[in-house]
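Undergrad: The structure under discussion is supplied below as structure tokens; questions concerning it will follow.
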Amino acid sequence: MPETRYIKAVNQALADAMEADPTVFLIGEDIGAAGGSFKATRNLLEKFGPERVYDSPISEAAITGMAVGAALTGMRPVVEIMFMDFTTLSMDMLVNQAAKARSMFGGQGSVPMVLRTPHGGGLNAGPQHSQCLEAWFAHVPGLRVVCPSNPADAYGLLRAAIDDPDPVIVVENKALYAMKGDLPDAPEDRERIEIGKGRIVRPGRDATVVSYGAAVAMAETAAETMAEEGIEVEVIDLRSIQPWDESLVLESLTRTHNLVVAHEAVEAFGVGAEIVARMADIGFDQLDGPILRVGAPFAPSPFGKTLEDAYRPDANQIVAALRRTLA
Amino acid sequence: MKLDELARLHRQMLVIRRAEERLQKLFADGLVPGFLHLSIGQEAVPVGVSEALTDCDTVSSNHRGHGHTLAKGVDLKGFFAEILGKATGLCKGRGGSMHVADLSKGMLGANGIVGAGLPITTGSALALKMQGQGAVAVVYFGDGALAEGVLHECLNIAALWKLPILFVCENNGWSEFSPTERQLATSLDKLAKAFGIKYSAVDGNVVADVATTSARLVKAMRKNAAPAVLECSTTRVRGHFEGDRQDYRDGDEIAALSERDPIRLSATAMAQAGGTPEMLAEIADAVDAEIEAATQAALEAPLPSSADILTDVYTSVAG
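Chains A and B are the protein sequences, given in the same order. So the mapping is simple: the numbering used here equals the position in the first sequence, first residue as 1, plus 51. So the mapping is simple: the numbering used here equals the position in the second sequence, first residue as 1, plus 1.
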């Protein structure tokens with residue numbers, strides 16, 4: 052199986068979806084001849100033409116709203132918002148329009164649009180180009196949110212998102228764009244990944260770490276460290292944040308009895324808080340220790356290297372949380 | 002315009018007028034949940050514009066959207082039931098006055114956010130252009146929306162990509178509770194010119210003028226996709242919403258609006274074309290009966306079940 056970079060897997064998913072369905076089209080800033088800021092749409096203009104790949108003005112609100120309108124008119128638009136920080140400009144269209152159309156119109160139709168956007172730090176990009184804002188979107192009924200942690204998932208979740216009849220926010224991690232992984236050569240072998248299902252990345256009996264996106268690799272490193280001491284940590288990749296795989300996490304907790312939730316986003320009021328609250332409710336009888344969260348401190352993301360390194364969660368913090376809950 | 006055409010337009014305007022007057026009463030009686038923004042005095046705009054449209058064309062609207070919705074041909078009973086929050090409503094009683102939609106008629110929804118219909122309709126126009134059937138998209142917005150940033154984004158993109166969209170501005174001079182002259186440093190004709198978009202202005206209270214100009218603009222757009230702006234000067238008789246006492250407005254100004262009442266103007270135009278008082282009375286009686294039937298059906302219809310709160314949030318349940 053050939054090795055593919057994360058960004059190339061995104062590109063492949065877009066190309067395959069456009070090949071399979073003529074109603075799929077792309078809209079975003081610099082996605083045409085330039086191939087996108089991170090090259091997710093490289094060569095797609097050449098392949099599908101300007102009637103399928105719309106290189107837009109710098110108008111995030113308009114292009115997101117246009118996706119809503121096109122989706123209500125029978126198309127399957129895929130919007131690229133260059134940095135997740137810029138989705139602040141798309142908020143009315145996502146929160147008040149895309150998310151609500153199906154429910155407030157009494158189920159007459161749906162909004163089959165996808166919004167792809169990269170979150171996360173590690174590029175010294177500073178406070179307006181590094182944020183992880185997925186919890187905002189997960190809080191809005193009507194939106195789905197996924198966050199792939201590797202190239203195969205980046206392909207599979209994006210294909211599933213484009214097929215989905217409802218609006219899906221696909222959160223990519225820009226520090227993972229260069230990550231290599233396997234993706235089958237034959238188009239028919241490339242698989243979609245069901246939205247809402249997580250995956251056990253590494254089985255273990257002593258504690259569970261729930262993570263997504265870039266935190267999955269950190270959790271795996273933490274598990275290796277703990278394994279050296281004979282502690283077997285189970286690592287779960289949620290893959291999908293809204294909805295998240297509650298039964299998989301609960302099932303793991305019933306075996307390990309200890310739980311840590313790790314994400315790159317700010318810890319307070321985040322995705323982890325929701326998972327902790329649910330497990331403290333439905334998993335209460337299973338707990339042998341406190342459920343702990345690992346996330347970024349409650350401060351804007353700094354741009355300088357030393358500060359950003361200190362700001363971003365890492366495997367050591369997951370190890371420390373595991374030791375605390377197991378103590 | 003011939004008498005039968007004038008009569009048809011007059012009837013459609015009267016349906017909107019009587020429907021809103023009935024809603025006004027129902028609201029006063031506490032039978033309409035939520036907010037109610039009436040378009041009394043503005044009926045000629047959507048009726049005139051819709052003359053040029055078919056079910057394949059899309060429209061989207063704003064908070065003052067009853068006229069836009071009814072003129073697009075949605076079912077009157079479903080409309081009344083929706084505004085009264087009943088299960089038999091067009092949106093099963095989940096949208097209400099500010100969110101009425103009928104996708105089967107190309108009515109993509111009223112909207113509670115000022116200016117939000119603009120990008121949605123621009124995207125619909127892009128989809129219609131891609132589908133290549135000559136359909137067009139129409140967005141209704143008020144002069145208050147001229148200050149919203151998305152208007153400028155959408156005028157730019159529509160012009161740049163030659164999208165078949167008709168921007169219909171209903172200029173009633175009021176941005177909610179404030180006169181627009183104190184809200185806007187420019188005017189729509191200048192904005193249209195800045196983006197190289199064809200601009201037309203009509204008296205939005207003369208339905209035949211709105212219809213004739215819209216027909217011309219839409220016909221051109223179907224042949225060669227390109228945006229156009231149609232500014233309709235019109236009159237908001239009621240407050241921003243029902244319950245607004247309008248004490249920020251001069252009483253004489255409101256009283257003078259009856260001179261420009263689109264229905265009165267249309268009745269005069271019919272008389273000049275040979276219409277008789279009997280003909281007008283016949284139309285009014287038929288409309289009243291229709292409104293009464295829709296009102297009664299809505300009043301008797303069941304409320305939505307609280308067991309359905311989670312229904313239709315998503316198309317399917319994932320996870």
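Each residue gets a CB set at the ideal place from its N, CA and C atoms; glycine is no exception.
1) Count Cβ pairs between the segment 105-125 of chain B and the segment 146-158 of chain A that sit closer than 8 Å; are there 3 or more?
2) Do residue 83 (chain A) and residue 104 (chain A) have their C-beta atoms closer together than 9 Å?
3) At which residues does the beta strand (DSSP E) containing residue 171 (chain B) begin and terminate?
4) Count the other CB atoms, across all protein chains shown, that sit within 10 Å of the CB of residue 44 (chain B); report buried if there are 16 or more and exposed otherwise.
5) Does the Cβ of residue 192 (chain A) have 16 or more other Cβ atoms within 10 Å, making it buried, or fewer, making it exposed?
6) So with Cβ pairs under 9 Å, would you call residue 217 (chain A) a contact of chain B?
7) Which residues mark the beginning and the end of the alpha helix (DSSP H) in which residue 142 (chain B) is found?
8) Go through its chain and collect everything with a Cβ distance to residue 207 (chain A)'s Cβ below 6 Å, but skip five positions before and after it.
9) How would you list, in chain order, the residues of chain A whose beta-carbon sits under 9 Å from the beta-carbon of residue 110 (chain B)?
10) Across which residues does DSSP place residue 262 (chain A) in a beta bridge pair?
11) Reducing DSSP to helix, strand and coil, say where residue 117 (chain A) ends up.
12) Entirely within the segment 168-236 of chain A and at least 3 residues each: give me those beta strand (DSSP E) ranges in chain order.
13) Terminal residues of the continuous alpha helix (DSSP H) containing residue 299 (chain A)?
14) Would you give the residue range spanned by the alpha helix (DSSP H) that residue 79 (chain B) belongs to?
15) Give me whichever residues DSSP pairs with residue 128 (chain A) in a beta bridge.
16) Determine which residues of the segment 191-213 of chain B have a Cβ less than 8 Å from any Cβ of chain A, and write them out in chain order.
17) Pick from A:291, A:246 and A:279: whose alpha carbon is nearest that of residue 267 (chain A)?
18) Quick one: which chain B residues come within Cβ less than 8 Å of residue 112 (chain A)?
19) Check residue 58 (chain A) in the structure and name its three-state DSSP category.
20) How would you write the range of the beta strand (DSSP E) that residue 201 (chain B) sits in, first residue to last?
21) Counting only beta-carbon atoms, is residue 87 (chain B) nearer than 9 Å to chain A?
22) So, is the C-beta of residue 320 (chain B) closer than 9 Å to a C-beta in chain A?
23) Would residue 113 (chain A) be called buried (16 or more neighbouring beta carbons within 10 Å of its own) or exposed?
24) Taking any Cβ of chain B, which residues in the segment 279-291 of chain A have a Cβ under 9 Å from it, in chain order?
25) Measure how close the beta-carbons of residue 7 (chain B) and residue 287 (chain B) come, nearest whole angstrom, since I'm counting them as under 8 Å.
26) Take the Cβ of residue 134 (chain B) as the centre, count every other Cβ of all protein chains shown within 10 Å, and call the residue buried at 16 or more, exposed below.
27) Within a Cβ cutoff of 6 Å, which residues of the same chain sit near residue 345 (chain A), ignoring the five residues on either side of it in sequence?
28) How about residue 315 (chain B): is its C-beta nearer than 9 Å to some C-beta of chain A?
29) Report the three-state DSSP secondary structure of residue 132 (chain B) (helix, strand or coil).
30) Please state whether the Cβ-Cβ distance between residue 273 (chain A) and residue 261 (chain A) is less than 9 Å.
31) Identify the residues that DSSP records as bridge partners of residue 233 (chain B): which are they?
32) Among residues of its own chain, excluding the 5 on either side of residue 225 (chain A), which ones have a beta-carbon nearer than 7 Å to its beta-carbon?
33) I want to see whether chain A comes within less than 9 Å of residue 215 (chain B), judged by CB atoms only; does it?
34) Would you list the one or two residues that DSSP bridges to residue 13 (chain B)?
35) Under 9 Å, Cβ to Cβ, is there at least one residue of chain B near residue 199 (chain A)?
36) Leaving out five residues before and five after residue 126 (chain B) in sequence, what residues of the same chain have Cβ atoms less than 6 Å from its Cβ?
TA: Inspection of the coordinates gives the following:
1) The answer is yes - the segment 146-158 of chain A touches the segment 105-125 of chain B, with three or more Cβ pairs under 8 Å.
2) Contact: yes.
3) Counting along the chain, the beta strand (DSSP E) containing residue 171 (chain B) begins and ends at 166-172.
4) Buried is the call here.
5) Around the C-beta of residue 192 (chain A), fewer than 16 other C-beta atoms lie within 10 Å, and the residue is accordingly described as exposed.
6) Answer yes: the Cβ-Cβ gap between residue 217 (chain A) and chain B drops below 9 Å somewhere.
7) Bounds of any alpha helix (DSSP H) do not take in residue 142 (chain B); it lies within the beta strand (DSSP E) bounded by 138-143.
8) Excluding sequence neighbours, residue 207 (chain A) sits near 242, 243 and 244.
9) Within 9 Å Cβ-Cβ: 123, 148, 152, 155 and 156.
10) When DSSP reads this structure, residue 262 (chain A) sits in a beta bridge with A:288 and A:313.
11) Of the three classes helix, strand and coil, the one that applies to residue 117 (chain A) here is helix, per DSSP.
12) The segment 168-236 of chain A contains these whole beta strand (DSSP E) runs: 195-197, 219-224 and 231-233.
13) Here the alpha helix (DSSP H) through residue 299 (chain A) covers 297-307.
14) From DSSP, the alpha helix (DSSP H) with residue 79 (chain B) extends over 77-84.
15) Beta-bridge pairing links residue 128 (chain A) to A:76.
16) Of all residues in the segment 191-213 of chain B, none places a beta-carbon less than 8 Å from a beta-carbon of chain A.
17) The shortest Cα separation from residue 267 (chain A) among A:291, A:246 and A:279 belongs to A:291.
18) Within 8 Å Cβ-Cβ: 120, 150, 151 and 154.
19) Collapsing the DSSP output to three states places residue 58 (chain A) in a helix.
20) Here the beta strand (DSSP E) through residue 201 (chain B) covers 199-204.
21) With its beta carbon at least 9 Å from every one in chain A, residue 87 (chain B) lies outside the interface.
22) Low confidence applies to residue 320 (chain B): its pLDDT is 45, below 50, so where it sits in the model is not reliable, and the reading given next is rough at best. For residue 320 (chain B), the answer is yes, since a Cβ of chain A falls inside 9 Å of its Cβ.
23) Looking at its Cβ environment, which holds 16 or more other Cβ atoms inside 10 Å, residue 113 (chain A) is buried.
24) Cβ contacts with chain B: 291.
25) So it is not a contact: roughly 16 Å between Cβ atoms.
26) Exposed, by the Cβ-count rule.
27) Once the five neighbours on either side are set aside, the close Cβ partners of residue 345 (chain A) are 313, 364, 368, 369 and 372.
28) It does; some Cβ of chain A falls within 9 Å.
29) When DSSP states are grouped into helix, strand and coil, residue 132 (chain B) belongs to the helix group.
30) Their beta carbons are not under 9 Å apart, which means residue 273 (chain A) does not touch residue 261 (chain A) by this criterion.
31) For residue 233 (chain B), which the question treats as bridged, DSSP gives the partners B:171 and B:203.
32) Closer than 7 Å at Cβ, skipping near neighbours: 89, 169, 171 and 174.
33) Contact with chain A is absent for residue 215 (chain B), since none of that chain's Cβ atoms lies less than 9 Å from the residue's Cβ.
34) Beta-bridge pairing links residue 13 (chain B) to no other residue.
35) So, not an interface residue.
36) 138, 164, 165 and 166, listed in sequence order.
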